[in-house]
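Encoded as structure tokens, the structure appears first; notes follow it.
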Amino acid sequence: MTLAPRPLWRLRLAREAPRWLLQALAVAGVLASARFAIDPPRPPAPAVAAHVPAPADPGAEGFAALFARRYLSWNSQDPEAHRLALAQFVGPGMDPDAGLQPPSRGEQQVLWTQVMQARTLQPGEHVYTIAVQTDTAGLVYLTVDVLREAGGPLALGGYPAIVGAPASAPAELAHGGRLREVEDPALETVLRRALRNYLADSASELAADLSSGARVALPGPGLALSLRSVIQLDWAPGGGAVLASVAAGDERGTQYTLAYEVDVTRTQGRWEISAIQTDPDS
6 MTLAPRPLWR
16 LRLAREAPRW
26 LLQALAVAGV
36 LASARFAIDP
46 PRPPAPAVAA
56 HVPAPADPGA
66 EGFAALFARR
76 YLSWNSQDPE
86 AHRLALAQFV
96 GPGMDPDAGL
106 QPPSRGEQQV
116 LWTQVMQART
126 LQPGEHVYTI
136 AVQTDTAGLV
146 YLTVDVLREA
156 GGPLALGGYP
166 AIVGAPASAP
176 AELAHGGRLR
186 EVEDPALETV
196 LRRALRNYLA
206 DSASELAADL
216 SSGARVALPG
226 PGLALSLRSV
236 IQLDWAPGGG
246 AVLASVAAGD
256 ERGTQYTLAY
266 EVDVTRTQGR
276 WEISAIQTDP
286 DS
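Heads up: the sequence shown runs through residues 6 to 287, numbered per the numbering used here.
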């Protein structure tokens, strides 16, 4: 038998290693438990699909507006005419008069309709809020559910609903009190003259103040106005245009307060007008 010497530290390491390993595992377990207690894992949030507005459907809007007009137009002396007017809209599961039974006396006519809101319930189904001006009930708001399958015809999705008006708020001047006032007398003179000729539908006089290549659409001789006063002239944000508030009137005595955005440019020391409120080419 042969005896081989070994270092004492190796003997101690071999003897204590299992106990140290067990202690390390126990500490790791405690730390893991504490971590899960303090900050437990959470399931990943479900992916949210990006909201894509439904494209406008003029056909469906017109369909809803036409239904609203026929639905709220009736004559108690001829209820059959009301049913016939709605025949193209109602289906076998609906009343032939779409649920509206005229009273025993009187009549009602729709003066105009306007689509105010549109929302999508699901692909192919839209609900339109229609403002309907009647000659007896006044302004009525109606929601109309319209279905359109891909490549298919339009159809009502059910009975309409009479609802309240869409939310609105009092008018507010977009830049009230925050703009720089025009203080150039020469520019003020050009603006006053150009707006006077514009409102009066005087193309030849207006041309003298237009820049080369300017395109301006006049209101037309049917609504020629006289400029009574210029109320305010302010530089638009970013410069290059002036926001003009004016008072105007027509030959019948109708009074208007109007606001225009006038694009201006300075060429060889002279102010010129390059556009008034609209771009007739766009």
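For each residue, glycine too, the CB sits at the ideal point set by N, CA and C.
Three-state secondary structure assigned by DSSP to residue i
i: Y133; result: strand
i: L144; result: strand
i: Y164; result: coil
i: Y61; result: According to the sequence displayed, residue 61 carries Ala and not Tyr. In this structure, A61 counts as coil in the three-state DSSP scheme.
i: R271; result: strand
i: G254; result: strand
i: L292; result: For the chain, the structure presents residues 6 to 287; residue 292 sits outside this window and is missing.
i: Q93; result: coil
i: Q114; result: coil
i: E277; result: strand
i: E85; result: helix
i: A155; result: coil
i: A103; result: coil
i: A127; result: Reading off the sequence, residue 127 comes out as Gln, not Ala. Reduced to three states, the DSSP call for Q127 is strand.
i: Q282; result: coil
i: S287; result: coil
i: T139; result: strand
Rounded C-alpha distance that separates residue i from residue j
i: V251; j: A61; result: 36 angstroms
i: V137; j: Q82; result: 22 angstroms
i: G67; j: P107; result: 24 angstroms
i: A176; j: A86; result: 42 angstroms
i: L144; j: T194; result: 45 angstroms
i: G162; j: S109; result: 29 angstroms
i: R75; j: D150; result: 15 angstroms
i: S78; j: S173; result: 27 angstroms
i: L71; j: A90; result: 10 angstroms
i: R257; j: R197; result: 23 angstroms
i: A65; j: P84; result: 27 angstroms
i: E266; j: S207; result: 19 angstroms
i: R233; j: L116; result: 34 angstroms
i: E186; j: I236; result: 12 angstroms
i: T262; j: P171; result: 26 angstroms
i: T125; j: V132; result: 6 angstroms
i: E130; j: R153; result: 6 angstroms
i: Q260; j: A253; result: 6 angstroms
i: E112; j: I167; result: 19 angstroms
i: G169; j: T148; result: 10 angstroms
i: Q127; j: G104; result: 25 angstroms
Option nearest residue i by Cα separation, candidates the options
i: L223; options: E85, L200, Q127 and T270; result: L200
i: P190; options: R275, A103 and R124; result: R275
i: L134; options: A73, N80, L89 and V221; result: In the sequence as presented, Leu is not what sits at residue 134; that position holds Thr. Out of A73, N80, L89 and V221, A73 has the C-alpha closest to the C-alpha of T134.
i: V221; options: A280, Q114 and S287; result: A280
i: G244; options: N202, G254, L184 and T283; result: L184
i: R271; options: G156, P97 and A246; result: A246
i: A205; options: A249, T125 and P226; result: P226
i: G98; options: Q114, Y164 and L147; result: Y164
i: Q273; options: P128, L230, S217 and Q122; result: S217
i: A69; options: A249, A92 and V120; result: V120
i: Y203; options: S231, T141 and A123; result: S231
(Q) To test your reading of the DSSP string, which unbroken alpha helix (DSSP H) runs of 4 or more residues are found completely within the stretch 160-248? (A) 190-204 and 208-212
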